[in-house]
Structures are given as C-alpha cells and as structure tokens.
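To keep things clear, I will list the structure first and then write my remarks on it.
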Amino acid sequence: MGEFSSELINLGRSVYRRAASEQSGIFAGLNPATVNQQDPFVLWVIQSIVIIGMTSLLAFFLGRIRQPRVISEIIGGVILGPSIMGRIPGFTNAIFPTASIPFLTLTSTVGLVFFLFLVGLELDVRLIRRNYKASSTISIAGLAIPLGLGAALAIPLYNEFIAPNNPDTNRGYFILFVAVAVGITAFPVLCRILTEIKLLDTTVGVVTLAAGVGNDVVGWVLLALAVALVNASTGLNALYVLLTGVGFVLFLIFPVKWGYAYVARRWGGLDRGEPTTLMMTSTLIMVIFSAFFTDIIGIHPIFGGFLAGLVIPKTNGFDIALVEKLEDFISLLFLPQYFMLSGLKTNLGLLDNGITWGYIFLICTVAFFAKFLSCSISARAWGFNLRESGAIGSLMACKGLVELIVLNVGLQAGILDTRTFSMFVLHAIILTFITTPLVLLFYPEHLRDHASKGVEAGAVDGIVELPASSGDNDEFKSKFSLILDRAEDLPAAMTLAQLFKTGFASSSTSVDRSSIAKGSEVDDGSVPSPLTPAHVSVEVLRLIELSERMSALTRAQSIDILARQDSVINVIRTFGQLNQINVNTSLAIVPEEEYPTNISQHARNVGSQMVLIPWTLPADESVSDSTVSSVAPFQGIFRQNSSSGAHVAAISHVFRRVFASATSDIALFVDRGLSTHVDGAPHFLLPFFGGPDDRLALSLVVQMCLNPAATATVIRMNKLDSEPESNRVSTEKQQLSYGNTVAFPDTVYGAQTTQMRLQSDTADNIAWGKYTHAGIHTHQLASALSRVSFLEESSAQPLHHLLNLTAQRSGSKPPVVVVGRSRRMATETHKQELLNLAQEHNAAVSSELPKTIGEVGAAFVATGANVSLMVVQAVSTSA
C-alpha cells in the first residue's frame, strides 16, 4: 500500500523539477492532449471534461427511470474504457494515455477519500436504535449468510479463472475479497433509493436504513482486514497493522471526537449549525492526516477518510452544513474520475465464452438471493408481511460504489485479474439497476404504511387547538393547506393566514343587511343563517427539494429532527400560536418535479378545503412600467433568478400541474407589497366575469372582508360585442405570439355545452344576487357586505377598462386583485385584447403566462400593474 503517500511525494518532486511552461501554448504548435510530466494540467482538464460530460449525460437519461447516479458513473466509466470507446483506434492513447494515469489516480484518490469522509459523516449510528431488534437481526443475517455463500462461490471461481493463470495468488485472500464483495451493502446507494421512492418515513425504510448502517460498518472493517492481510508480508506484520489500526480508530472515536466537539462548541459555530473557517481548516487537516496515516500503516487511505467522518458531531445541522461546503466539488469533479479509472480496468471483451457468462449468472444469482432471502426471511420473522419483507430484501441487495472500491483494491493487490474484475463490475451494475424496480413491485405506493398518516413526512402537532365550527356551511373556507418552499415566502404566507382569520366568534344571530346601513338595532331573535364563519385551521406543508446532493440525503435521514428544527416551520408555527390560529406543520423532501403530486396528496390527506400557495416577488424581478423583454409567469418561485426560457416554461408547467391535479380549491397569492404594510387594512379588487372560479373568488373576498379593517370593490364586467362575428372568430384562431418559450401542452378541459353554459350563467346570477340584494344575513356577514362595493361595468374592451378602474382606485399601497383563473368554464375569452395590451405596453409576454394564471391575471402582469395578485381556481364541478 502507500500509493496515496507515494503519489503526493512524486507530485512534489515533479513540481520542484518543473520548468517554466511554454507560454505561447497552442500558437507554438503545442498539442494539448500530449502528456507533459511537467505540466499535466491541460490533459487533466480534457479528461475531466470528457468524464463529467459522459456521466452527466447518462445521469440525465437514467434518472428518468429513477436510477441512482452511481449507475451512470459506473456505466460511463465502462463506456469510456476498453470495452466500448477504447475500441475506437487512438481514443485511449489520445485521451487517457498510460503516462497520464498517475495524475488522474491522485485526484481520484483525493476525491474518494473525501467522499468516504462524507459517507462516514452521513452514517448516523442513532438510526440503529429505531427498531433495533429487527434491524440487528436483518443486518446480521444479511451479512453472515452472504459472506458464507460468497466464500463458497469463490472456490470454483478461483479454480476456473485464477489458478490456471496466476497460481501464486493466495486462495484465502481471494475467498476473503469475493466474500466481502458479495456480502457488502452499498449504504450511500441505499440512502438514495430510500429517499427517492419515499420510504424513509415508513417502518420498512427505517429498519432497512438501520440494518444498512450495521452492514456498512462491518463491511468496512472486513475491507480493512482484507487489505491489511494482503499488504502484510508475514502474519506478525499483519497483526501489527491490525493493532495499529484499532488503536487509531479508538484515538479518533474518543479523544479526537471529544476535542473536535469542544473546539466546535467554543469557536467553531456548532451552536449555529454553521462551521467557521477554523473548523473547516481543522476538518480538512483531520481528513488528510487520517487518510495519510491509514495508508502508511498498510490500510487503504479511504478507510482514514471514513473514520474522520465519524468524528463530526451531528448537532444543529452542523454536519449538513459541512457536507454542503464539500459535496459538489467532490461528487461532480473527483468521484467520476474514480469510476473512469475503474472503467479503464474493466474489459467486457474478455467475457467471451459461455463458461464466463455462466459464472456471471451464478455470481448475480448467489449475490442477490443470499441477501434477498436472508433479509426477507429475517424481516418476515419479525412480523413484516410478504410485500414489506420482499422490499427489505431487495433494498439490502443493492451494490454500487462500496463494492467497486473492494474490487479495485483486490485488482490493485493482484488478488483479482481483469476478467474476474469485469465479471464482478457487471454484477454490481445489474444488482443495483434492478433494486428500484423490485422495491416498487413489492411495495407500491398505495400499500405503504407511513409513520404519520395524513402527511408526507415529519409531522409536527399543531400548537393551538381551537374548537371546530358546528355548522355544515361550505360557503366559507375554514381548513387550508399552506405550501411553503422558501423562507422569503413567509411574509406572504402570514399575510394569507391573517386575511382568512375572521376574528369573530361563532354566532347564529342574523340581521337584515339594510339595517346595518341604517344603523338599526340588532334583534337577537333573528333567523339563524348557515353563513357563520368557522375557525381557521392551517395545515402547513414545508417542501424541501430532494437533489442529487448528499446533504439532501443527510437531511432526509433525520426528517423528524429537521421538522422540529427547520426555521421556516418554527416561524409559521410561532405565528399561529401568537395569532390564535390552529397551525399543523409537516415536511416533505421530494424532487421538484413531484411537488404538484405531493401538494395534491397532502391536501387530500388532511381534508383541506383550499390550497394556498404564497410567493413574494423578488426585488430584482419586479415588473416596471417601462419596456420589458419578457414577463416570466412565475420565474423564481421555486428557484430564484433564472432567465432561461426553458426554465421559465418548466416553472410554469409546475404550477399548471398543481392547478390540474388539485382535488380542492386552490389560490396562488403573489405578494407585491401587502405584507410590508402594518396597518392591517387591505383592500381587495375583484373583477367578476363569471364562471366557477370567479364565483369562488367572490366568496373568498366576502370571507376576507369579515375582517373589520378589510374593504373590497367587486366589479361585474360585461363585455360588449362590438366586432362582427367573422372578425371575432378569426381572432379566436390567432395564437399569442408574445415571447414563446419552450412550450408544454396546454391544460385541456371538456368542451362546454349550451346547457352547461346556461347552468353556469344561472349560478353566476345567484351568487351575485346573494350578496348584492338585501336579505337576511348573520351580523358578521352583513357587516362584511357593508364594506364591499358592488359595481357593474360594460365595455367592448373590458381588460382596458378594468385596468383604468384599478389605477383610479389604487391608493398609497397596492390593492389585492383577486381573479379567477378561468381556464375551465370561462364565460369570455380575452386572448386578442391581451395581445393588444402587451403590444401597447411594449411587453413581450411569455405564452405560458395566460395558461398559468388566466387571461385576466395575465393582463395585470403584462402591464406592470402595482398590485398584489391572488389567482383562484375552484375544484372541478359540473357548472
């Protein structure tokens, strides 16, 4: 061993010897792909670009079928190696010449050491305490039986492939390496799969993760033992290596860990969960020295990196912050180089006969069923049903990076030859590839028993419990789902919750609305009304994106702890407590493309009447009245400050999927300054064109006006038909040409029939008359209606007229314009007028905008109106 140390020394010598490089470079005829021992950087960059490009391309496509990134990296290395691209004449000599491999080996080893540091840091032994009896049994059975069967498998493999060609290879060492390769479980890959298929909040996921921790720790110990035995020249030397290794482990786990925690508490930012420069420096030195020490005593340097990860305290998110500072550079640049080197050593062309493929089938069968059956039977013995047991067995059979490290160590030590190495690499790819499909087959979503019913993950009980309304009234909303993704949206979220908090106690007293206007006394014996406002209950769903980063996996492992410590959840929970609003919180870590599905599932599970999505417009994305190149519909709502047209269309698509998949009413609130005013006197403006969405908007405005400080103006807009029929039909066929981006298919709703249109018109008139005509209402409702101005306006250009009225009625602070999305059962189309507005204001409006927030809402955005916007959509009904 000692390669890592030797590479560092040789690198220092080469730097010392290095002469000044040719300054004119390619202009002097320099070939960048030529190996230059004094200046290897240029070729190293070329190699890195090729490697990163290949793995990223494969990860993009394989990610679509829910395969972990490690599969892409392993396959990418095989493709770039002699198996495929190496067969192109001159490719390997030009891009990966033999003389350049030491430099690539050094950087890949550094990356591997730090990656194993992250793996050790990610390893949380506290997980074993959860269902420790079941997880311990599964872990022991899933390690002992595969180790035994792996050892038995190694004997015919040795006799068939190793003994005829390399008779000097020690049979015992070969058996040990094959047994470890068959018995080990890839813990990082296991974490990724569990998180991606949303099993971490199930008993199956918790038990499998805990069993994987124990399996991983024992696997690394066995690997260290195997390396020590191989590198030791005598049995006495092997004993020295093992004793020194054990002593170093104890030294790191106890005094170093205590000292590190002490320094972190005093000067390292442990209390804030943010490592300081001192702690980052100390951490890097500790990782490098630990790898250096385990290398020079005869154990692989990666073992030192792994041990250093176990030292880091897991308090206040300190470990997560540390991972975030290191992970991208390691996982995107250095780690793929290690898989590339493995690919260069893999030659599938040597698998050229039936006996070899027969043994490959035997290796895959033994390795899979040894894990699957032992873990499944153990899980079944602890009370898991057949499907759950099958899922646990499938998960524990996954391979990946860890096995690849074992195989590379065996190849480097001369225990494995290229043929057997290639056979085991292929088996690792196959077993990892089938893990996710098998788990989904055994344990589909609808059969899962989540740890907390009704939420995606990490439920936190509500802080304030208020009595439920006794009425059966569906007119006013009382139970809301509030979706939070960014801390910047907290002011808008609080504003929304406050707007829907009525501030009244339940009452059945009813009065004639006209008596409020005349100042008449209230008769306590009036007729009861069903329109009594209910107490507001808010179910908050905090969404955190599940990315490819290890920090996301670390968060996902401790989602219950994160749900208690998350600052966004704590702020909104405290807000509910101070304002006597019943707030229940939950947290979900899911990929961004699954946000719409999780939102609709959450609303359905908690029985929400309306989903509220707040968004505070970033300061640098404010739309001015001046010329704008393109008005993005919701640019930055989940990711900030992106000007890419494809990204804008993708964000719009997310919201359209939310609207399309909603099982309850939904409101999107775009805050343009309402939350910055503290006088508590909002003014609402509702343009009422008709349709189910506008009727919902009317009901919401009246409900929000139950707040004594709120006022509203409701304008019923009637569109005058001033164009000939032929012109109107032709404009219907025009496509909005404003700033088309990458388009997604439009949301398609059923065509309206004459009967449906008549029913909708009748419902519009009933809803309008209920609030505008004098009648018997509760005291609160009558008071609310007294603060609402109802107007009727007619115009051939209703959007122009509406914008003029809005400008006239806007005061010192922006009003809240409440509009129906009206993509379903719309009574009028404003497509041509919206196009004219965009042209008049010299604004290139994305075609995604009206598809996302409707044509009326798009008019306010396109013209840069200084208003906050609430876009509502009613759940699909027949009218």
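Counting from 1, position 761 in the sequence shown corresponds to residue 761 in the numbering used here; the numbering is continuous, with no gaps.
Ideal Cβ positions, reconstructed from N, Cα and C, are used throughout, including at glycine.
As summarised for the segment 813–879, the continuous alpha helix (DSSP H) elements at least 4 residues long and confined to that stretch are 831–840, 848–862, given in chain order.
Assignment of W382 by DSSP, reduced to helix, strand and coil, places it in the coil class. Residue burial is scored here from C-beta neighbours: S794 has fewer than 16 other C-beta atoms within 10 angstroms and is therefore classed as exposed. When the beta-carbon positions are compared, I320 and G268 stay at least 9 Å from each other. Note on geometry: alpha-carbon atoms of M870 and T346 lie some 58 Å from one another. Taking all protein chains in view, the Cβ of S586 is crowded by 16 or more other Cβ atoms within 10 Å, so the residue is classified as buried. Judged by DSSP in its simplified three-state form, V540 adopts strand. Shown here, V701 sits in a helix according to DSSP, grouped into three states.
Here E445 is exposed: its Cβ has fewer than 16 other Cβ atoms, across all protein chains shown, within 10 Å.
Between the alpha carbons of M550 and E196 lies a gap of roughly 12 Å. Boundaries cannot be given for T315, as no beta strand (DSSP E) includes it and DSSP labels it neither H nor E. Between the C-alpha atoms of A264 and C398 there is a straight-line separation of about 36 Å. If you look at M756, you'll find it in the alpha helix (DSSP H) that goes 754–772. When beta bridges are read from the DSSP output, S789 appears opposite T713. Cβ atoms of L543 and D485 come within 8 Å of each other, at about 5 Å.
Under the three-state reduction of DSSP, L58 is assigned to helix. DSSP, read as helix, strand or coil, puts E488 in helix. Beta-bridge partners of V590 (DSSP): E545.
Taking 4 residues as the shortest admissible run, the segment 139–186 contains the following complete alpha helix (DSSP H) segments, listed from N- to C-terminal end: 171–183.
A straight line joining the alpha-carbon of F187 with that of G214 spans about 10 Å.
Residue pairing for N718: DSSP places it in a beta bridge opposite S794.
In this structure, A226 and V180 form a Cβ contact; the two beta carbons are roughly 6 Å apart against a cut-off of 8 Å. For F293, the uninterrupted alpha helix (DSSP H) segment begins and ends at 277–296. When DSSP reads this structure, H683 sits in a beta bridge with T711. In the three-state scheme derived from DSSP, where H, G and I count as helix and E and B as strand, I483 is classed as strand. Annotated three-state conformation of D665 is strand, per DSSP.
For I71, the enclosing alpha helix (DSSP H) covers residues 69–80. V45 carries a helical assignment under DSSP once its states are collapsed to helix, strand and coil. W357 counts as exposed, since fewer than 16 other C-beta atoms from the protein chains shown sit within 10 angstroms of its C-beta. Proximity to G219 across G245, S139, P164 peaks at S139, based on C-alpha coordinates. Here the C-alpha atom of K325 lies approximately 15 Å from the C-alpha atom of S547.
One thing to note: A667 has its Cβ within 9 Å of the Cβ of I613.
Note that the segment 108–118 does not touch the segment 193–210; fewer than 3 beta-carbon pairs, one per stretch, sit closer than 8 Å. For P614, the uninterrupted beta strand (DSSP E) segment begins and ends at 610–616.
The C-beta separation of V256 from V311 comes to about 6 Å, placing the pair in contact by the 8 Å criterion. Per DSSP, A99 is not a residue of any alpha helix (DSSP H), being assigned neither H nor E.
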